[in-house]
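Undergrad: Residues 4 to 123 (the working numbering) are what the sequence shown spells out, left to right.
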Amino acid sequence: MSWGRIFFQTGMDQHGPTFIAMNAIPGHQYIHGGISIYTAALLVSLIWLVPWKKLFHELPFPKLGFVILVLSAILAACGDKGLLFHSHLDGNIEELAELLAYMLQGGFAAWYYKQFKMLK
4 MSWGRIFFQT
14 GMDQHGPTFI
24 AMNAIPGHQY
34 IHGGISIYTA
44 ALLVSLIWLV
54 PWKKLFHELP
64 FPKLGFVILV
74 LSAILAACGD
84 KGLLFHSHLD
94 GNIEELAELL
104 AYMLQGGFAA
114 WYYKQFKMLK
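1. In this structure, does DSSP put residue 88 in helix, strand or coil?
2. Under 8 Å, with one C-beta from each stretch per pair, do the segment 82-96 and the segment 14-26 reach the 3-pair mark?
3. Would you call residue 79 buried or exposed, if buried means 16 or more other Cβ atoms sit within 10 Å of its Cβ?
4. Rounded to whole angstroms, how far is the Cβ of residue 66 from the Cβ of residue 122, which I believe are closer than 8 Å?
5. Short of 7 Å in beta carbon distance, which residues of its chain neighbour residue 104, apart from the five on each side in sequence? Order them along the chain.
6. Can you check the segment 13-74 for any beta strand (DSSP E) of at least 3 residues that lies completely inside it and give the ranges in chain order?
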C-alpha cells in the first residue's frame with residue numbers, strides 16, 4: 004500500500020517512476036498507527052453489526068463474483084511485482100485489477116443489501 008508515497012517520487016527507471024520507502028515518509032509512524040486504529044474499529048464494527056447467521060445460512064453465495072474478486076487480487080499482486088509482462092504493462096494491469104476489485108466490493112455491498120431487504 005502506498006498511502007501517499009505517490010507524492011514522493013524519487014526518480015525514473017525503465018518501468019516508470021520510483022518512490023521513497025514507506026518508512027522514509029515523514030510521520031510514517033502516525034500513518035501506520037492511524038491505519039491500525041481504523042482497521043481495529045472496522046473489525047469491531049463488523050463483528051457487532053453484521054448479521055452473520057443470516058449472511059451464511061439464509062443468503063446465496065455469489066460464487067462467480069468471488070472468483071473474479073480472487074483473480075483480480077492475484078492479478079494486482081502479480082502486476083505489482085512485475086511478474087506478468089516484465090514491462091510497464093504490469094503497472095497498468097495492477098491498477099485495472101485493483102479498480103475491478105473495488106468495483107466488485109461495491110457490487111457485493113449493493114447485492115447483499117438488496118438480498119437482506121428481500122429477507123425482511
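Heads up, the beta-carbon is just placed ideally off N, CA and C, and yes, glycines get one too.
TA: The short version:
1. Locating residue 88 in the sequence shown gives position 85, where the first residue counts as 1. Coil, per DSSP.
2. yes
3. Residue numbering aside, residue 79 sits at position 76 when the sequence shown is read from its first letter. Looking at its Cβ environment, which holds 16 or more other Cβ atoms inside 10 Å, residue 79 is buried.
4. Counting from one through the sequence shown, the residue named residue 66 turns up at place 63. Counting from one through the sequence shown, the residue named residue 122 turns up at place 119. Not a contact, Cβ separation roughly 20 Å.
5. Position 101 of the sequence shown, counted from the first residue, corresponds to residue 104. Contacts found: 72, 75, 76 and 79.
6. 19-22
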